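Peer 1:
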Amino acid sequence: LTWMHDNASDLQVDASRIAVMGMSAGGGLSAATALLARDRGGPAICFQYLGIPELDDRLATPSMCKFVDTPMWNRPNAQLSWDAYLGDNFERGADDVPYLAAPARAEDLSGLPPAYVNTMEFDPLRDEGIEYALRLLQAGIPTELHNFPGTFHGSGLFAHAAISRRAAQEDLVVLQRALNITE
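Its first residue numbered -14, the sequence shown is counted upward by one per residue in the numbering used here.
#1: Classify H131 as helix, strand or coil using the three-state DSSP reduction.
#2: Tell me the DSSP secondary structure of M6 in three-state form.
#3: What's the call for L142, buried or exposed, on a 16-neighbour Cβ count within 10 Å?
#4: Express the C-alpha separation of T55 and W(-12) in angstroms, rounding to a whole number.
#5: Which class does Y101 belong to by DSSP, given the choice of helix, strand or coil?
#6: Can the beta-carbon of F137 be found less than 8 angstroms from the beta-carbon of A152?
#7: Whole angstroms is fine: what's the gap from D68's alpha carbon to E76's?
#8: May I ask you to report which of helix, strand or coil DSSP gives G96?
#9: Taking 8 angstroms as the cut-off, decide whether the C-beta atoms of A124 and S95 are in contact.
#10: Could you tell me whether the Cβ atoms of P38 and A16 are closer together than 8 angstroms?
#11: Can you round the beta-carbon distance between A71 and A86 to whole angstroms, since I take them to be within the 8 angstroms contact cut?
#12: Could you give the distance in angstroms between the alpha-carbon of D24 and the alpha-carbon of S140?
#13: Classify Q33 as helix, strand or coil using the three-state DSSP reduction.
#14: What distance in whole Å lies between the Cβ atoms of L122 and A19, which are believed to be in contact at a cut-off of 8 angstroms?
#15: Residues in its own chain within less than 7 angstroms of G135 by CB, not counting five upstream and five downstream?
#16: Looking at the secondary structure, which residues open and close the alpha helix (DSSP H) in which E155 lies?
#17: Could you give the distance in angstroms between the alpha-carbon of I166 and the alpha-carbon of L157?
#18: Can the beta-carbon of V53 be found less than 8 angstroms from the beta-carbon of R60?
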């Protein structure tokens, strides 16, 4: 982020329109990047797109407890993911996991850029995404939340499905609006 901001002119990038975007674990990393940029005083991020974000290592939301055998992603996968991500540094669910590793742990969400969060109905990550979006709203952050009915984590990979086409179209509209693209 810092490199891109510092080299924006050479890259022909408008430094005022740098956003972060990620899906699943990348959604969590994007949220963490926005938090880190805020805490360090920049570089500025104009928007955060958090797609089916993995945000909470505690794995305690109702959807995480319910969806233990769903396709593409489930609670056992989430356990493995968090253990691999945190490595030997922290124990999943322990009190000392920092909020920059697990953004759902952040106590203060003020001062973050506007956000779009999407979740899938039958995804273990659904409730942590919804909770994070609601907390962003409570912190005064312009936030759009969309829960796609009848979907599961990664269902967008089935590009031929009508709901996947609808989600892809929404992504384009959201990003065009966030980045002020009028073409």
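All C-beta atoms in this analysis are idealised placements derived from N, C-alpha and C, irrespective of residue type, glycine included.
What you are looking at is a predicted structure, and each value in this text was computed from that prediction instead of being measured.
Peer 2: This is what the structure holds:
#1: strand
#2: strand
#3: exposed
#4: Going from the Cα of W(-12) to the Cα of T55 covers about 39 angstroms.
#5: The answer is strand: DSSP assigns Y101 an E or B state.
#6: no
#7: 7 angstroms
#8: coil
#9: yes
#10: yes
#11: Per the sequence shown, the amino acid found at residue 71 is Leu instead of Ala. Yes, L71 and A86 are in contact; Cβ-Cβ is about 6 angstroms, under 8 angstroms.
#12: Rounded to the nearest angstrom, the two C-alpha atoms are 34 angstroms apart.
#13: strand
#14: About 15 angstroms separates the two Cβ atoms, so there is no contact after all.
#15: Cβ within range, chain order: E106 and I148.
#16: A147 to A163
#17: 10 angstroms
#18: yes
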